[in-house]
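Here the sequence shown stands for residues 1 to 306, where the numbers follow UniProt numbering. Below is one structure; the comments refer to it alone.
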Amino acid sequence: MITMPPAIQCLDSSRYFPKVKANDHINLTIESHQIFGLLGPNGCGKTTLLHQLQGLDAPTSGTVKVLGLDPRRDRQELMARIGTQLQEARVIPRLKVIEVLTTFGSFYPQSQDPMTVLESVGLAAKAGAFVDKLSGGQRQRVFIALALIHNPELLFFDELTSALDPQSRLKIWDILRDLKAAGRTVILTTHSMEEAQTLCDRIAIMDAGHIIAEGTPDELIDEFTQGSTLKFSVSGTVQLAPLEKISGVTSVDIQGQDVTIIGKGDFTPHVMQVLTDQHVSPAHMSLNPATLEDVFLHLTGRSLQA
């Protein structure tokens, strides 16, 4: 049985500039057929890393492999197998959508039928429209189509949904899920923690040139947060000890009629059972699950939006 190499592998990879360690001893393995999120504040080093992964730069030390290839040495072969998101300024606005795709398809030895690609991103009806007449969400889908025109295995997308309305954002989320289902690997950089938590199978968080955490969203939330917070009020007396003994509960605070419980896992049904056993009816109940935003705040001390 042939073992396929990881989509991306960085082994002790560093990229140093005068007075700046942009990437410092990066070790990262990204397997194929998943959506992988790369998160970090501006200036954390993720753009430098992405440039190396796409063959635009080389590490000062260590090794970087993409689809088993050296991105710099084998860049011509690599470019036929990866798709990258173009910026809007690189697309001539007075071209029609179908013309843009046909033009970009001609840059590759092999490319897909432009209409087939447009159908896959829900833009077949806009094939004859001028690019500058499209909505923001439609233009982003054109950029996805351009990245797909040569049928790549690995895709890089950067802030695809920033500044888009909720409906457009959800359409792009569906496209990314379809790409994964079709067997492609997607590397997604985003400042939206909701987007990363919803879409990504695994996530790496970068700060100050280092990868400071990596795992599934659930793994990161479980490791770096206290868990979910359950709040409610009661009219009677609640016994503290049975609540503290519930599996997953890490903290119980009772202030008069107000109860706050922090825990990991699905502890809420057990809380409800304890209250029922005590003949207590909770009111004004709210559950606030821990999120990736909480993880990032814990690890870096600031919001990703900062």
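Even glycine gets a Cβ: it sits at the ideal position worked out from N, Cα and C.
Alpha-carbon to alpha-carbon, residue j and residue i
i: Thr-3; j: Gly-68; result: 11 Å
i: Gly-236; j: Val-121; result: 56 Å
i: Leu-28; j: Ile-8; result: 8 Å
i: Gln-52; j: Ala-163; result: 27 Å
i: Thr-48; j: Ala-22; result: 7 Å
i: Gln-76; j: Ile-175; result: 27 Å
i: Glu-293; j: Pro-5; result: 32 Å
i: Lys-65; j: His-191; result: 26 Å
i: Ala-213; j: Gln-85; result: 26 Å
i: Ile-248; j: Gln-226; result: The question names Ile, but residue 248 is Gly in the sequence shown. Rounded to the nearest angstrom, the two C-alpha atoms are 10 Å apart.
i: His-270; j: Pro-242; result: 10 Å
i: Ser-168; j: Gln-257; result: 44 Å
i: Val-20; j: Ala-196; result: 28 Å
i: His-279; j: Leu-220; result: 37 Å
i: Gly-183; j: Ala-204; result: 21 Å
Proximity below 8 Å, CB of residue i to CB of residue j
i: Gln-54; j: Phe-156; result: yes
i: Gln-34; j: Lys-180; result: yes
i: Thr-291; j: Leu-230; result: no
i: Ser-111; j: Gly-62; result: no
i: residue 309; j: Met-206; result: Only positions 1 to 306 of the chain appear in this structure, which leaves residue 309 out of reach.
i: Phe-17; j: Ile-187; result: no
i: Val-131; j: Val-117; result: no
i: Leu-146; j: Val-97; result: no
i: Ala-124; j: Met-115; result: yes
i: Glu-153; j: Thr-185; result: yes
i: Thr-276; j: Gly-263; result: no
i: Arg-94; j: Thr-60; result: no
i: Leu-160; j: Ile-149; result: no
Range of the contiguous beta strand (DSSP E) that encloses residue i
i: Gln-9; result: 8 to 17
i: Thr-29; result: 20 to 30
i: Leu-188; result: 185 to 189
i: Ile-35; result: 35 to 39
i: Val-64; result: 61 to 66
i: Thr-116; result: Careful: Thr-116 lies outside any beta strand (DSSP E), inside the alpha helix (DSSP H) at 114 to 120.
Buried versus exposed, by CB contacts within 10 Å (16 or more), residue i
i: Cys-10; result: buried
i: Leu-239; result: The question names Leu, yet the displayed sequence has Gln at residue 239. With fewer than 16 Cβ atoms within 10 Å of its Cβ, Gln-239 is classed as exposed.
i: Ala-306; result: Because Ala-306 sits at a pLDDT of 46, beneath the cut-off of 50, its placement in the model cannot be relied upon, and the following sentence gives the value as read from the coordinates. By the neighbour-count rule (16 or more Cβ atoms within 10 Å), Ala-306 is not buried but exposed.
i: Gly-265; result: exposed
i: Arg-73; result: exposed
i: residue 309; result: Given a span of 1 to 306 for the chain in the structure shown, any question on residue 309 remains unanswerable.
i: Gly-137; result: buried
i: Ser-281; result: exposed
i: Glu-233; result: First, the residue type needs correcting, since residue 233 is Ser and not Glu in the sequence shown. Answer is exposed; the Cβ neighbour count stays below 16.
i: Phe-224; result: buried
Boundaries (first-last residue) of the alpha helix (DSSP H) holding residue i
i: His-284; result: Looking at the DSSP string, His-284 is not in any alpha helix (DSSP H); the run it does join, the beta strand (DSSP E), is 283 to 288.
i: Ala-147; result: 136 to 148
i: Thr-276; result: 268 to 277
i: Thr-50; result: For clarity, residue 50 is Leu in the given sequence; the question names Thr instead. It spans 46 to 53 - the alpha helix (DSSP H) in which Leu-50 sits, taken as one unbroken run.
i: Leu-243; result: 240 to 244
i: Val-295; result: 292 to 300
i: Phe-224; result: 217 to 224
For residue i, the residue or residues it bridges with in DSSP
i: Met-206; result: Ile-211
i: Ser-192; result: Partner(s): none; Ser-192 has no beta bridge.
i: Ile-261; result: Leu-230, Val-252
i: Asp-158; result: Thr-189
i: Ile-82; result: Leu-154
i: Phe-130; result: Lys-96
i: Leu-179; result: Answer is none; Leu-179 lacks a bridge partner.
Beta carbon proximity, residue i to chain C, threshold 8 Å
i: Phe-232; result: Absence of chain C from the displayed structure is noted, only one protein chain being present.
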